[in-house]
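These notes concern the structure reproduced below.
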Amino acid sequence: MNDLQDLELLSAFVAVAEERHFRRAAERLHVAQPVVSRRIQRLERSMGIALLERTSRHVALTEAGASFLDSARQLLHAADLAVTRAQRVAEGGTGRLSVGFVESVAFELLTPLLRELADRVPDVAVDLQELSTERQLSDLDVEVDVAIVRELGDHEPGDQDLQARPLVRERLLVALPPDHRFADEEDLGLADLRDDAFVLFPRPPAPRLHDHLLAVCDVAGFRPRIAGHAWQYPSMLAMVAASRGVALVPRCVRSIQPTDVRLVPIRDDHATTDLSLVWRGTGSPVLETFIDAAVAVAGAAEGQPGRRIVNST
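In the working numbering, each number is its position in the sequence shown, counted from 1, plus 1.
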């Protein structure tokens with residue numbers, strides 16, 4: 002290493018320049034005075050110039066030394082800053098995280114999650130990508146670092162590095178047109194809807210959610226008649242409002258409920274839908290901080306009607 006880059010030499014020079022005294026500089030650096038003298042000499046030899054004027058009575062900066070002092074301070078500050086930044090990255094305090102999420106996460110969970118993350122690690126940059134569950138799972142470590150998916154279920158990919166954590170379980174609601182025969186009910190049994198036509202997500206690109214909703218109806222004793230498909234919740238609700246069918250939606254859809262759609266809770270115990278966190282490998286400190294923040298936000302929402310944390314054991 003070039004002596005000019007040796008931080009100990011720079012520290013010795015700055016200490017002597019500011020204290021104007023070798024003994025006080027040595028005390029400040031917690032080293033012996035001869036060590037300080039040798040470091041100054043090495044620095045001057047490396048630069049080929051005198052930085053200090055020394056007499057038996059005082060120490061003064063040469064013109065070159067005075068010019069170099071500010072630069073030396075800046076170099077030391079930059080080194081301290083680099084160490085601090087590296088430590089914060091190692092501790093999860095800074096960095097960048099790409100987060101994938103299904104559309105419905107943006108309705109209620111996403112904003113408090115981003116606020117919680119900013120409170121914990123304000124210097125972490127977040128890139129958001131709204132993607133289907135299938136796309137997120139295929140893009141882990143390519144497009145996204147962590148995925149928030151709906152209905153991971155028992156069909157986790159066979160990747161040994163894949164890690165998953167259940168996050169939130171939501172009660173299913175049925176979206177009804179305003180003139181539906183059950184529009185004024187406080188809640189419904191799912192079997193009450195056996196004669197209705199349903200609007201669902203198409204199986205591709207949402208096979209897990211599509212199959213889950215069919216299975217929920219199967220448990221209630223019927224196979225839904227599918228009147229049409231919609232790729233997003235707003236368009237699904239538009240189809241319901243136009244009396245094209247009814248739709249099973251998670252509780253969070255209340256946040257975007259149009260005035261001409263009635264959302265009625267389904268009272269069947271099995272009529273729920275789960276959100277999960279998925280990531281690959283052991284995870285970076287930044288990722289671990291994000292996971293902790295997501296769990297904290299899910300816990301804060303647990304007391305809301307129709308929502309609770311899924312037991313991760």
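No residue lacks a Cβ here, since even glycine has one placed at the ideal position from N, Cα and C. This one's a predicted model, so the numbers in the text were calculated from it and none came from an experiment.
By the criterion of at least three beta-carbon pairs nearer than 8 angstroms, the region 183-200 is in contact with the region 211-221. Of the residues assessed, residue 232 falls on the exposed side of the cut-off, its CB having fewer than 16 other CB atoms within 10 angstroms. If you compare the alpha carbons of 277, 299, 286 with that of residue 137, the shortest gap goes to 277. Apart from the 5 residues on each side of it in sequence, residue 31 has no Cβ closer than 7 angstroms to any other Cβ in its chain.
For residue 61, DSSP records a beta bridge to 54. Secondary structure at residue 244: coil, using DSSP grouped into helix, strand and coil. Residue 207 and residue 185 have their alpha carbons spaced roughly 31 angstroms apart.
Distance from the Cα of residue 166 is smallest, within the candidate group 113, 294, 7, for 294.
Beta-bridge partners assigned by DSSP to residue 102: 131, 149. DSSP places residue 233 outside both helix and strand once states are collapsed to three, so it counts as coil.
Annotation for residue 14: no beta strand (DSSP E) segment contains it, though the alpha helix (DSSP H) segment containing it runs 8-20. In the DSSP assignment, residue 164 falls within the beta strand (DSSP E) that extends over 163-177.
By the criterion of at least three beta-carbon pairs nearer than 8 angstroms, the region 117-126 is not in contact with the region 173-184. Beta-bridge analysis with DSSP links residue 256 to no other residue.
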